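Reading through the structure tokens given below for one structure.
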Amino acid sequence: MTKSAIVSRTIPVSEEEEPPSSTMTNSEAKEEEPPSTGFASRRNRLFSHVSASDWNDWKWHFRNRITSVKELSRFIPLSDKEQSQLKLVTAKYPLAITPYYLSLINPDDPDDPIRKQAIPAIEEISMGSMGMEDPLEEKRDSVVPGLVHRYPDRVLMVLTDICPMLCRHCTRKREWHNGGWVRNDEEIEAMLDYIRRTPQVRDVIISGGDPLTLSTERLERVIARVRAIQHVEIIRIGTRFPVVLPQRIDAELCNMLSKYGPIWLNTHYNHYREITPESTRACDRLLRAGVPVNNQTVLLRGINDSVETQLKLSHALLKAKVRPYYLFQCDEVQGTEHLRTPVETGISIIEGMRGHTSGLAIPSFVIDLPSGGGKVPLQPDYILSHTKERLILRNYQGRIITFRNPGADSGNKLEMVPQVEEAIVNEDRALVRS
Ligand code: SF4
Numbered sequence: 193m194t195k196s197a198i199v200s201r202t203i204p205v206s207e208e209e210e211p212p213s214s215t216m217t218n219s220e221a222k223e224e225e226p227p228s229t230g231f232a233s234r235r236n237r238l239f240s241h242v243s244a245s246d247w248n249d250w251k252w253h254f255r256n257r258i259t260s261v262k263e264l265s266r267f268i269p270l271s272d273k274e275q276s277q278l279k280l281v282t283a284k285y286p287l288a289i290t291p292y293y294l295s296l297i298n299p300d301d302p303d304d305p306i307r308k309q310a311i312p313a314i315e316e317i318s319m320g321s322m323g324m325e326d327p328l329e330e331k332r333d334s335v336v337p338g339l340v341h342r343y344p345d346r347v348l349m350v351l352t353d354i355c356p357m358l359c360r361h362c363t364r365k366r367e368w369h370n371g372g373w374v375r376n377d378e379e380i381e382a383m384l385d386y387i388r389r390t391p392q393v394r395d396v397i398i399s400g401g402d403p404l405t406l407s408t409e410r411l412e413r414v415i416a417r418v419r420a421i422q423h424v425e426i427i428r429i430g431t432r433f434p435v436v437l438p439q440r441i442d443a444e445l446c447n448m449l450s451k452y453g454p455i456w457l458n459t460h461y462n463h464y465r466e467i468t469p470e471s472t473r474a475c476d477r478l479l480r481a482g483v484p485v486n487n488q489t490v491l492l493r494g495i496n497d498s499v500e501t502q503l504k505l506s507h508a509l510l511k512a513k514v515r516p517y518y519l520f521q522c523d524e525v526q527g528t529e530h531l532r533t534p535v536e537t538g539i540s541i542i543e544g545m546r547g548h549t550s551g552l553a554i555p556s557f558v559i560d561l562p563s564g565g566g567k568v569p570l571q572p573d574y575i576l577s578h579t580k581e582r583l584i585l586r587n588y589q590g591r592i593i594t595f596r597n598p599g600a601d602s603g604n605k606l607e608m609v610p611q612v613e614e615a616i617v618n619e620d621r622a623l624v625r626s
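Here it is as structure tokens:
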């Protein structure tokens, strides 16, 4: 698929898909003011001039995203050398940070895990020859522009390439060159037509970019038509809004989503510091609207590549009633090599979590294979030896335990403990006599 086939409408950020006007009154906005936390006080220092109603309005954040190095330097101390380097990087990979997400960054810590996800690094271009533009070959699997059909029973609808923030580790970094585009009605109809003609599709994933950059009204027009297709059982929405701009999860959006269930929402927290009062409230609103929230983390060097960080993240997610679903090996994407970890890191993180916390807190560690190979789960090897009759296993403490493999040899009769056998025979005799 050519670039021109994908791009239906190129729009500058300022003419973005018109976000709805805030549905909150000023008094409601006051109620929404999050409790004072360490993050909030930093936010107040940086954005003390912003009214509570503006701060709680996602449209305001979207319009006021930080998109240039000059603007960024007003909030984060940057040396002249850093500014020149960032200008070089942003010429290839642009910059966009919501004021909300910027407020979570510790400006005095160059290794801050929130900062590393949002602020460009020179390695994006100095190591830029490593990796591929489109390692997952999504373009190859597109059956009509914007609709990826890779697995038998599910499809991915890519409605836009616009995101509230440009995450430095993004798999779709290649799309950033295209400016902002949104699928037009004709293209969406072509996607829907394919789904209608393909009865094995029972699961439709609506993604982007970020589909929640569309106005609620426009999103509803798409979701309602997907829901009207009889063989579509579930709809999933992939969005990072609960993390980078949780104000988007407002009453209007949740009311709309509640009409078209079952809808699941997959979001993308990478660090426990992203789970703020505002963000927790966004997840709670979704749950109350009947939309379960799952999390997909990307494993990132220097950001979340330790057992301790992953445990803290999972525990914070569970407290917010969000299920830790996947831990992704960072894809082999150009401009992200400095953030990628060896595969062994992910496996040893899972090993360090298993047994030390509930299974509910442990995501599946997966690699999304290049060339459209799909997801492959990886986990520590707990089987030390395996025959038809027995497995020798180790547990999370390193204890070695033998486990009998039931009925593995079809020639074997299952052995019964003699006392149990005798009790059953006696029981049968008693039944016959009565
Ligand atoms: S929200 Fe997702 S698609 Fe958008 S820039 Fe971040 S990682 Fe990429």
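Everything in the sequence shown is counted per the working numbering, starting at 193 for the first residue and increasing by one.
Every residue gets a Cβ at the ideal spot worked out from N, C-alpha and C, and that includes glycine.
The model shown is predicted, which means the values in this text are computed figures rather than measured ones.
Please report the Cβ distance between Val483 and His460, rounded to the nearest whole angstrom; I am assuming they are in contact, meaning their Cβ atoms lie under 8 Å. Contact flag wrong, Cβ pair sits at about 16 Å.
Are three or more beta carbon pairs between the stretch 433–450 and the stretch 406–414 nearer than 8 Å? Yes: the two stretches touch, three or more of their Cβ pairs being nearer than 8 Å.
Which residues mark the beginning and the end of the beta strand (DSSP E) in which Phe595 is found? Here the beta strand (DSSP E) through Phe595 covers Ile592 to Arg596.
Quick one: residues in its chain with C-beta nearer than 8 Å to the C-beta of Phe231, no 5 flanking neighbours on either side, listed in chain order? At Phe231 the pLDDT is 47, less than 50, meaning the model places this residue with poor confidence; the figure from the coordinates comes in the next sentence. Excluding positions up to five away in sequence, the list reads Ser295, Leu296, Arg465 and Thr468.
Rounded straight-line distance, which links the Cα of Ser407 to that of Ala420: 20 Å
Beta carbon of Arg586, beta carbon of Phe595: below 8 Å? No, these two residues do not count as a Cβ contact at 8 Å.
Contact test: Cys355 Cβ vs the ligand SF4 heavy atom, cutoff 7 Å: yes
Could you pull out every residue in the same chain whose Cβ sits closer than 6 Å to the Cβ of Val340, ignoring the five residues on either side in sequence? Taken in chain order, the residues that qualify are Glu330, Asp333, Ser334 and Leu348.
Length of the line joining the Cα atoms of Trp247 and Thr282: 27 Å
Kindly identify the DSSP beta-bridge partner or partners of His578. Leu583
Can you list, in chain order, the residues of its chain whose CB lies under 8 Å from that of Pro534, leaving out five sequence neighbours each side? none
Alpha helix (DSSP H) segments (min. 4 residues) lying fully within the stretch 430–473: 433–436 and 443–450
How is the beta strand (DSSP E) around Tyr518 delimited, first residue to last? Arg515 to Gln521 is the span of the beta strand (DSSP E), which, as asked, contains Tyr518.
On the premise that Glu470 lies in contact with Pro438, defined as a C-beta separation below 8 Å, what is that separation, rounded to the nearest angstrom? 5 Å
Does the beta-carbon of Ile426 have 16 or more other beta-carbons within 10 angstroms, so that it is buried, or is it exposed? The residue is exposed, with fewer than 16 neighbouring Cβ atoms inside 10 Å.
Buried versus exposed call for His241 [16 or more other C-beta atoms within 10 Å across all chains shown]: Classification for His241: exposed.
With DSSP as the reference, label Ala277 as helix, strand or coil. Reading the sequence as shown, one finds Gln at residue 277 and not Ala. Of the three classes helix, strand and coil, the one that applies to Gln277 here is helix, per DSSP.
What is the rounded straight-line gap between the Cα of Leu287 and the Cα of Val514? 29 Å
Could you tell me the distance, in whole angstroms, from the CA atom of Asp395 to the CA atom of Ile554? 24 Å
Once DSSP output is grouped into helix, strand and coil, what is the label at Met357? In the structure shown, Met357 sits in coil (DSSP, three-state: anything other than H, G, I, E or B).
Cutting at 6 Å between CB atoms, please list the residues of its own chain near Ala197, excluding the five before and the five after it. With a pLDDT of 31 at Ala197, under the threshold of 50, the predicted position of this residue should be treated as unreliable, though the coordinate-derived value follows. Cβ within range, chain order: Pro337.
Assuming Ile495 and Pro305 are in contact, meaning their beta carbons sit under 8 Å apart, how far apart are those beta carbons, in whole angstroms? 4 Å
Whole-angstrom distance between Thr549 and Ile575, CA atom to CA atom: C-alpha separation (whole angstroms): 21 Å.
Hey, out of Tyr292, Leu278 and Ser243, whose CA is closest to Ile314's CA? Leu278
Relative to the C-alpha of Thr472, which candidate in Asp497, Phe433 and Ala512 has its C-alpha closest? Residue Ala512 is the option with its Cα nearest to Thr472.
So, for Ser577: in the same chain, excluding its five sequence neighbours on each side, which residues have a beta-carbon less than 8 Å away from its beta-carbon? By the criterion of a C-beta distance shorter than 8 Å, Ser577 is surrounded in its chain by Leu583 and Ile584, once the five residues flanking it on both sides are discounted.
Please tell me whether Val490 and Asn458 are closer than 8 Å, where the distance is taken between their beta carbons. No; because the gap between Cβ atoms is not below 8 Å, this pair is not in contact.
Tell me the DSSP secondary structure of Asn265 in three-state form. Correcting the residue type first, residue 265 is Ser in the shown sequence and not Asn. Helix at Ser265.
Among the candidates Asp301, His369 and Arg237, whose CA atom is the shortest distance from the CA of Tyr285? His369
Considering only the beta carbon of each residue, do Ala416 and Tyr386 sit closer than 8 Å? Pairing Ala416 with Tyr386 gives a Cβ-Cβ distance that is not under 8 Å.
Rounded Cβ spacing between Leu449 and Arg493 (contact assumed at less than 8 Å): Not really, about 35 Å apart at Cβ, beyond 8 Å.
Given Asn256, which residues of its chain have a CB within under 7 Å of its CB, disregarding the five upstream and five downstream residues? Pro291
Can you tell me whether Leu351 sits near the ligand SF4, meaning its C-beta is under 7 Å from at least one heavy atom of the ligand? no
Within its chain, find whatever has a CB closer than 8 Å to the CB of Ser260; leave out the 5 residues flanking it on each side and keep chain order. Thr282 and Leu287
The beta strand (DSSP E) that contains Met349, what's its start and end? Arg346 to Val350
Would a C-beta distance cut-off of 8 Å place Ile268 and Ile311 closer than the cut-off? At the C-beta level, Ile268 and Ile311 come within 8 Å of one another.
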